[in-house]
Every structure is written in C-alpha cells, then in structure tokens.
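Data block below; observations after.
Shown next, in the form of structure tokens:
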C-alpha cells in the first residue's frame, strides 16, 4: 500500500513518506467515503472531499513542520517521527 | 510485477505496461491517459451534468408531447378551407410546436435541478439525501417564481418531496443475492 516502493526509505528530514501516505489514506478514506454504496466509482461529493482532504493534510503537515523546526532544530527530527504517523 | 494480495500501487514511472507495449510507448500511453483523464473529469463536471440533464429532459418532454398529441381532438371546422395536404402540414406543425414547448419546459426543469444538486454536492463534499431535497426545493422555487411567495414556497416543497421520493427509490438497498449451490455434474 505504498506509492514509494516496497523498501521503506530512510526518514529524510524526519518525515517518513510511507507512513504519511498511509495516514492520508486512512484519514481521508474514513472521512470522505461513506460505508453505504452500490458502485465502485467515486461520487462527485467523495472526489471533492478527497481533493480537499489531501490538500488540507499537506497544509497541516507543512505548518506542523514549520512550527517544529522553529521550536527546536535537533529535537525536531526525533519528535517529527511521532507526528509523521 | 504486482505482488499478490497487495494493492497495485507502483512507484511513479515504473508501472507495468499493458501487454504488447514497449518502453518507448510509455510516453504515448501517459499522454493518452492524460487526455482520457481530462475527458472523464469533464464528463463528471457540473456543467456537463447540467447539459446532459437538460438535453435528456428536452428529449423526454418532446417524446411525451408527441405521444399526447395523438389524443388531441380536432375541430373539423377550424381548417375547413384547406385541402388535405395543407391540413396535414398544419397538424404536424402544431405537433412540432407542442413538442418544442414541452421539451423546453422539461429541459429547464432537468437542467435546473441537476445543476443545483451538483453545485450543492460540490460545496458540501458529501453524497447523501440532503442534496436532492435542497436542490428540489430551490429548483421548485425558481420554477414557481411568478406565483408569488406562497406559490414559490409550495412549489419548492412539492418539488423537494418529489425529488426526495425519486432519490429514495434510486438509493434503495439492492436486493439480496440468492446463492444457488454450484451445479456438480457426476457421470
């Protein structure tokens, strides 16, 4: 379930892209896709929701990253692992 | 090579090619896929949905009007000074005018409802029963705008109820499958 290949890459700058992608999929799927459906295609509402969810996730991630960097440089790489989910 | 029991997601640029294609075709395939994705996106856009609903409504309105023109009664004294051919042409022209008028009406209703529902759904980013009911209310209100405020309210409520009924039917639970035992033939 990874778009970055089968081997987990070493965390670059404290962000693990595999786990981030996993987090995006879990949160946006839970929020946007209803449990009652009759077809495999995405509705208009669902596709709009997923677009917004991913964009918001990246925004939030960026802001959190900036805050952490400003708080403490060296400690950030240790703490970001927890926030990168 | 896709692994079994795992979602087929690959690193960008390393997706497996369709059978019979080589690496040089990858750029062409990607470009064709890009245009196909644009096509799909266009088809699912609100404008396209409005247009399709409008054209479909027009067709249905014209068809119903054509069917109902066979019940129209004619006054024989109305066109008595024309010969048979002219009378026939006149009757067909009346039918055409009726089809056009009725088609326009149904087309307006369909386009209005579909467009408003698509906009509401895009705004709310959710797909549930609220969208068709609200769209029906607004569309009914707009269609009945010349009947004063109570008329518009009543028209909106009526269309909302009608649209709710239709969508409840469209979203009903699909029937359970009856599982038949597999047929085993022994000789």
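Protein chains in written order, with the UniProt record's numbering: chain A, 1 to 85; chain B, 1 to 187.
Glycine included, C-beta positions come from ideal geometry on N, C-alpha and C.
So, is the C-beta of residue i closer than 7 angstroms to a C-beta in chain A?
i, result
"residue 15 (chain B)", "no"
"residue 117 (chain B)", "no"
"residue 24 (chain B)", "no"
"residue 189 (chain B)", "The displayed coordinates of chain B run from 1 to 187. Any statement about residue 189 (chain B) would go beyond what the structure contains."
"residue 176 (chain B)", "no"
"residue 121 (chain B)", "yes"
Using the rule of at least 16 other Cβ atoms within 10 Å of the residue's Cβ for burial, across every protein chain shown, is residue i buried or exposed?
i, result
"residue 160 (chain B)", "buried"
"residue 16 (chain A)", "buried"
"residue 132 (chain B)", "buried"
"residue 47 (chain B)", "exposed"
"residue 151 (chain B)", "exposed"
"residue 46 (chain A)", "buried"
"residue 30 (chain A)", "exposed"
"residue 168 (chain B)", "exposed"
"residue 53 (chain B)", "buried"
"residue 13 (chain B)", "exposed"
Measure from the C-beta of residue i to each C-beta in chain B and report whether the shortest distance is under 7 angstroms.
i, result
"residue 40 (chain A)", "no"
"residue 48 (chain A)", "yes"
"residue 44 (chain A)", "yes"
"residue 55 (chain A)", "no"
"residue 7 (chain A)", "Note that residue 7 (chain A) scores 44 on pLDDT, short of 50, meaning its location in the model is unreliable; the coordinates nonetheless yield the value given after this. No, no contact with chain B."
"residue 12 (chain A)", "Note on residue 12 (chain A): pLDDT 40, under 50, position unreliable in the model; the coordinate value appears next. Judged by the 7 angstroms Cβ criterion, residue 12 (chain A) is not in contact with chain B."
Please name the residue in the options whose C-alpha comes closest to that of residue i.
i, options, result
"residue 37 (chain A)", "B:152, B:155, B:126, B:187", "B:126"
"residue 188 (chain B)", "B:43, B:54, B:95, B:91", "Only positions 1 to 187 of chain B appear in the structure, and residue 188 (chain B) is not among them; the question remains open."
The stretch 15-34 of chain A: which residues have C-beta closer than 8 angstroms to a C-beta of chain B, in chain order? 32, 34
Taking a cut of 9 angstroms between CB atoms, which residues from the stretch 92-106 of chain B lie near chain A? none
Continuous alpha helix (DSSP H) assignments of at least 4 residues falling wholly in the stretch 15-66 of chain A: 17-32
If we require 4 or more residues per run, which alpha helix (DSSP H) segments fall completely within the stretch 117-171 of chain B? 130-143, 148-170
Which whole runs of the alpha helix (DSSP H) in the stretch 5-63 of chain B are 4 residues long or more, in chain order? 26-43
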